[in-house]
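Colleague:
In my numbering, the protein residues as written are 2 to 418.
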């Protein structure tokens, strides 16, 4: 008989949140730092940086399906610790390569690809860990805290990363990132992350074999129209997002004339709006419904993307202000979208299948990331950075169009009981 999980304000969720926040902050710091290190320390070209970005984003394409299935089979606490320790070892090795002057784009790409695989396992386990420490009625609140922390990590991490790069150099970033994973494991020690209610396991979900579990993830998602449409929109968004950000660091540093610190600072405003998004998500979903809110947020992203395209006409402070404003809108909308998407999966599917469903969703939506990064780099090489940035910015409108065309998504409201 399963035990009712405690409320999200309990100590178990607090420790889970802190551990996840620290881990995500380390990942966000290095995600921002790698292109900057490539330009300022290693002298990489925009094409080489796009190759590194593609490698770091390729893991979902090859391992996301297996990661989700494995995360449902293995003990979550064990898997989370293994992922944290392995990521610590990888970044420790990158530190050594940097110190001896042997860090190049190939070793950087291989290391980040391996970290990407571990990130998948970690995130697939974490997706199912939240329902283990909070009740179903508290999922939206708990996910708001998780996504709020992720927003601070992904936007505040680059600010801190830019400061560290300017003050202490590239090595400090690699060291801090490695240490963050050890601290994350310390916070997760002893948490009850493996609760699985047997009463929620229908016989038709009883499967054997790894391939059968992978296939089940596709069937579960395909059977839910709102989830399917939202996932398609997210896939389109991620394609153009990876296209844009594979080249945007080079664009910001060389075309817009921003310093690494200023470029990191533009994320500060986005940090605030991301926190605001996580704070108001519960009220917004209660008032407007999940579907309507998804359509609205993707439409706001589309309009902000078109505004960002005009940054090619600016430079210096004016460019920084525009980029900061657009990133702020992006972050608010994405945080709300992530809260909705996470809660949709946790309410539509049994707990023992959440990881594989999350893995399938990442395969479909994140699997296009390396393709987007490669296309962005190729377009920049062939047509120029400015043209590539403009195309990516306009591409966000396709995701909004998909949502607007789905009546099932617009009217979707989950049952939270």
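Idealized CB from N, CA, C, for every residue including glycine.
(1) Which residues in the same chain have their Cβ closer than 6 Å to the Cβ of residue 413, if we skip the five residues on either side of it in sequence?
(2) Can you give the Cα-Cα distance for residue 363 and residue 220, rounded to whole angstroms?
(3) Whose C-beta lies closer than 8 Å to the C-beta of residue 406 among residues of the same chain, with five residues either side of it excluded?
(4) By DSSP, does residue 49 sit in helix, in strand, or in coil?
(5) Which runs of the alpha helix (DSSP H) fall wholly inside the segment 302 to 351 and span at least 4 residues, in chain order?
(6) Is the CB-CB distance between residue 507 and residue 218 below 8 Å?
(7) Determine the direct distance from the alpha carbon of residue 252 to that of residue 260, and round the result to whole angstroms.
(8) Any idea if residue 203 is buried or exposed, counting beta-carbon neighbours within 10 angstroms, 16 or more meaning buried?
(9) Can you look up residue 1 in the DSSP assignment and give me helix, strand or coil?
(10) Could you spell out where the alpha helix (DSSP H) holding residue 118 opens and where it closes?
(11) So the alpha helix (DSSP H) residue 224 belongs to, where does it begin and stop?
(12) With DSSP as the reference, label residue 39 as helix, strand or coil.
(13) I'd like to know whether the C-beta atoms of residue 126 and residue 25 end up nearer to each other than 8 Å.
(14) State the Cα-Cα distance for the pair residue 84 and residue 119, rounded to the nearest angstrom.
(15) Can you give me the C-alpha to C-alpha distance between residue 335 and residue 15, rounded to a whole angstrom?
(16) Does DSSP put residue 405 in a helix, a strand or coil?
(17) If you run the structure through DSSP and keep just helix, strand and coil, what is residue 220?
(18) Check whether the segment 386 to 400 touches the segment 295 to 308, taking contact to mean three or more Cβ pairs, one atom from each stretch, closer than 8 Å.
(19) Under a three-way DSSP split, which group does residue 44 fall into?
(20) For residue 121, decide whether its Cβ has a neighbour in chain C, counting only Cβ atoms nearer than 8 Å.
(21) My understanding is that residue 247 touches residue 54, with C-beta atoms under 8 Å, so please give their C-beta distance in whole angstroms.
(22) Is residue 99 helix, strand or coil by DSSP?
(23) Within 10 angstroms of its Cβ, does residue 150 collect 16 or more other Cβ (buried), or is it exposed?
(24) Tell me, please, whether the segment 80 to 98 touches the segment 180 to 197 by the rule of three or more beta-carbon pairs shorter than 8 Å.
(25) Quick one: is residue 89 buried, meaning 16 or more other Cβ sit within 10 Å of its Cβ, or exposed?
(26) So, for residue 236: in the same chain, excluding its five sequence neighbours on each side, which residues have a beta-carbon less than 7 Å away from its beta-carbon?
(27) Count Cβ pairs between the segment 159 to 166 and the segment 267 to 274 that sit closer than 8 Å; are there 3 or more?
Modeller: From the atom records:
(1) 227, 291 and 292
(2) 15 Å
(3) none
(4) helix
(5) 317 to 349
(6) Nothing in the structure corresponds to residue 507, since the chain is present only between 2 and 418.
(7) 11 Å
(8) Confidence at residue 203 is low in this model, with a pLDDT of 40, below 50, so the placement of that residue should be treated as unreliable; the coordinate-derived value is given next. Label assigned to residue 203: exposed.
(9) Past the boundaries of the shown model lies residue 1; the chain is included only from 2 to 418, so the question cannot be answered.
(10) 106 to 134
(11) Neither: residue 224 is in no alpha helix (DSSP H) and is coded neither H nor E.
(12) helix
(13) no
(14) 5 Å
(15) 23 Å
(16) helix
(17) helix
(18) yes
(19) coil
(20) Annotation note: the requested chain C is absent from the structure, which comprises a single protein chain.
(21) 4 Å
(22) helix
(23) buried
(24) yes
(25) buried
(26) 365, 366 and 369
(27) yes
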